[in-house]
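Written below as structure tokens is the structure these notes are about.
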Amino acid sequence: MTADLIIYNIRKLYTSTEKAPVKGNSMSKIKMISNAFIAIKDETILEVNSGDFKNYINFSTILIDANHKICLPGFIDSHTHLVHAGSREDEFEKLKKGVPYLEILKNGGGILGTVEKTRHTTFDQLFNQANKSLDTMLSFGVTTVEGKSGYGLNLETELKQLKVMHELNRKHPVDIISTYMGAHAVPKEFSHSKNEYIQKMKEDLVYIKSSNLTNFVDVFCETGVFEIEDSREILQAALDLDFKIKIHADEIDSLGGAGLGVELGATSVDHLMAISDKDIRSLANSNTIANILPGTSFYLNKPYANARKMIDQGCAISISSDYNPGSCPTENFQLICQLSANHLKISPEEILNAVTINAAYHLGISERTGSLEKGKQADIILLDVPNLAYMFYHFGINHVTDVIKKGKIVVKNKSLQRRKK
Ligand SMILES: [Zn+2]
30 MTADLIIYNI
40 RKLYTSTEKA
50 PVKGNSMSKI
60 KMISNAFIAI
70 KDETILEVNS
80 GDFKNYINFS
90 TILIDANHKI
100 CLPGFIDSHT
110 HLVHAGSRED
120 EFEKLKKGVP
130 YLEILKNGGG
140 ILGTVEKTRH
150 TTFDQLFNQA
160 NKSLDTMLSF
170 GVTTVEGKSG
180 YGLNLETELK
190 QLKVMHELNR
200 KHPVDIISTY
210 MGAHAVPKEF
220 SHSKNEYIQK
230 MKEDLVYIKS
240 SNLTNFVDVF
250 CETGVFEIED
260 SREILQAALD
270 LDFKIKIHAD
280 EIDSLGGAGL
290 GVELGATSVD
300 HLMAISDKDI
310 RSLANSNTIA
320 NILPGTSFYL
330 NKPYANARKM
340 IDQGCAISIS
350 SDYNPGSCPT
360 ENFQLICQLS
370 ANHLKISPEE
380 ILNAVTINAA
390 YHLGISERTG
400 SLEKGKQADI
410 ILLDVPNLAY
420 MFYHFGINHV
430 TDVIKKGKIV
440 VKNKSLQRRK
450 K
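The sequence shown begins at 30 in this note's numbering and counts up by one.
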């Protein structure tokens with residue numbers, strides 16, 4: 030069969046070829062092909078190999094000379110709070126001066142400040158702000174993004190956020206997987222009774238399900254927000270409606286949120302700076318992914334999750350940005366990878382598995398993306414670096430020059446190509 034597009038002259042191509050989830054020692058396995066080419070037909074990879082590719086060429090095949098760059102699967106940022114209004118640079122200044130977060134929250138800042146702004150921002154304004162973020166993410170090599178609602182905390186605004194993501198998924202080259210996260214905080218109109226808010230969310234879940242805007246539900250399980258039993262109640266209600274579930278777990282206090290996630294069959298448990306040894310063991314015995322968010326630790330000057338220990342004990346980890354206006358305001362996904370190399374003490378190969386195939390796995394899309402293999406979606410990035418390790422070493426800049434999404438060139442020589450899906 031002949032190809033629509035062939036990328037050739039690739040110095041080195043790196044990809045996972047392991048079956049997901051890739052756990053423990055297997056996370057250091059990455060296939061490397063020197064002097065590689067990729068042949069693409071429609072949206073799909075026809076062949077990945079080295080050597081001669083003449084058999085795949087006909088008169089209409091587009092040939093792209095990679096000029097000895099390296100090639101990776103597109104990055105998958107599997108935990109973001111993509112759609113929100115405004116920014117919180119004023120709060121950053123206060124945090125640096127040592128003003129406690131709870132005081133900021135009391136004065137209308139923090140998550141609830143963003144909720145207020147998001148409620149009063151139009152669909153189009155939210156769309157435009159998130160669209161701009163997606164452009165930046167794409168230019169840094171991200172081809173799929175998970176995005177959470179949770180800055181509405183009422184049905185109307187949560188649906189507005191989910192609809193913005195639905196529309197972005199239709200119009201922007203990056204694929205978006207949405208998650209409902211009404212349980213991000215207790216809104217001020219329910220500050221008298223968290224339980225009333227939980228009951229209201231359980232009613233809303235039925236409506237969210239019927240809207241077909243998302244298949245995932247996430248909960249912020251933390252002291253003073255949603256405790257273990259609150260989280261269990263919300264997640265169980267979600268499971269009863271056939272949602273898949275995720276949980277923000279053990280970020281500050283070791284509450285056992287990760288263990289709860291494993292018990293309920295969560296696709297991922299996220300953050301994990303304070304995870305217990307017992308919960309690391311149960312994660313290792315499950316197919317739940319430990320989703321690590323080093324950008325948040327960096328920005329808030331907090332400890333990093335012990336990803337090294339988790340991998341050594343047999344867990345499968347993914348790594349995401351947690352892009353949000355309060356605790357990780359960056360769309361630079363390569364920086365997130367570089368922070369992982371520096372602070373998580375894990376290898377380039379482990380990081381690559383974490384930001385591609387394992388991320389795809391917990392979003393439920395590893396059958397079609399997350400690695401460069403025959404039959405998979407052609408989500409491909411080229412980087413102007415001599416080898417994989419160099420990407421982590423030369424930090425803070427953008428090494429991605431070209432991005433192919435579903436077989437189409439969407440970034441060419443570092444410039445975004447205006448192209449609809
Ligand atoms: Zn988050």
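C-beta: ideal position from N, C-alpha, C; glycine also.
None of these values were measured; they are calculated from a predicted model.
Following the DSSP letters along the chain, one finds H221 in no alpha helix (DSSP H), marked with neither H nor E.
Judged by beta-carbon spacing, L124 lies beyond the 8 Å limit of L163, meaning their Cβ atoms are not closer than that value. Between I318 and I348, the gap from beta carbon to beta carbon reaches 8 Å or more. If you draw a straight line from the Cα of P102 to the Cα of D413, it comes to about 15 Å. In the DSSP secondary-structure assignment, T44 is bridged to K60. For K273, same chain residues with a beta-carbon under 6 Å away, outside a window of 5 residues either side, are N244, F245 and T296 in chain order. Going by beta carbons, D279 and H108 fall outside the 8 Å limit.
Going by DSSP, F156 is part of the alpha helix (DSSP H) stretching over F152 to S168. When the beta-carbon positions are compared, F82 and Y37 come within less than 8 Å of each other. Taking 4 residues as the shortest admissible run, the region 213 to 273 contains the following complete alpha helix (DSSP H) segments, listed from N- to C-terminal end: 223 to 240 and 257 to 269. Under the three-state reduction of DSSP, P102 is assigned to strand.
Secondary structure of T109 (DSSP, three-state): strand.
When the five nearest sequence neighbours on each side are left out, the beta carbons in the same chain lying within less than 6 Å of the beta carbon of H113 are those of T143, T147, Y180 and P354, in order along the chain.
The criterion of a C-beta distance shorter than 8 Å is satisfied by C357 and Y328. Put simply, of N314, G343 and A303 the residue whose alpha carbon is nearest the alpha carbon of S326 is A303. Bridge pairing for V291: absent [DSSP].
Taking non-hydrogen atoms of ligand 1 into account, the C-beta of D351 is found less than 7 Å away from one of them. Ranked by Cα distance from G294, the first of Q265, L322 and I309 is Q265. Considering only K52, I39, L34 and R40, the residue with the shortest C-alpha distance to N316 is K52.
About 20 Å separates the beta carbons of R337 and L364, which is beyond the 8 Å limit, so they are not a contact pair.
Distances from the CA of E378 to each of F421, Y390, A95 and N78 were compared; the closest alpha carbon is that of F421. Proximity of the beta carbon of H113 to ligand 1 is not indicated: no heavy atom of the ligand is located closer than 7 Å.
DSSP places H391 inside the alpha helix (DSSP H), whose first and last residues are I386 to H391. Where L75 is concerned, there is no enclosing alpha helix (DSSP H), although the beta strand (DSSP E) around it starts and stops at T73 to S79. H300 and T359 have their C-alpha atoms roughly 17 Å apart. Taking the Cβ of H277 as the reference point, at least one heavy atom of ligand 1 falls within a distance shorter than 7 Å. Within the chosen limit of 7 Å, ligand 1 reaches the beta carbon of H108 through at least one heavy atom. When beta bridges are read from the DSSP output, T208 appears opposite K177 and F245. Around L270, the same chain offers L234, V235 and K238 as residues with beta carbons nearer than 8 Å, after the five sequence neighbours per side are excluded. Within the model, the alpha-carbon separation for T208 versus T173 is close to 14 Å. Look at S400 here: in three-state DSSP terms it is coil, with no helix or strand label. According to the DSSP assignment, H300 belongs to the beta strand (DSSP E) that extends over S297 to H300.
In the three-state scheme derived from DSSP, where H, G and I count as helix and E and B as strand, T430 is classed as strand. Using a Cβ distance threshold of 8 Å, I99 and L417 count as a contacting pair.
DSSP, reduced to helix, strand and coil, places Y333 outside both helices and strands of the structure shown, so it counts as coil. Restricting attention to K437, E258 and I426, the CA atom closest to the CA of V248 is found in E258.
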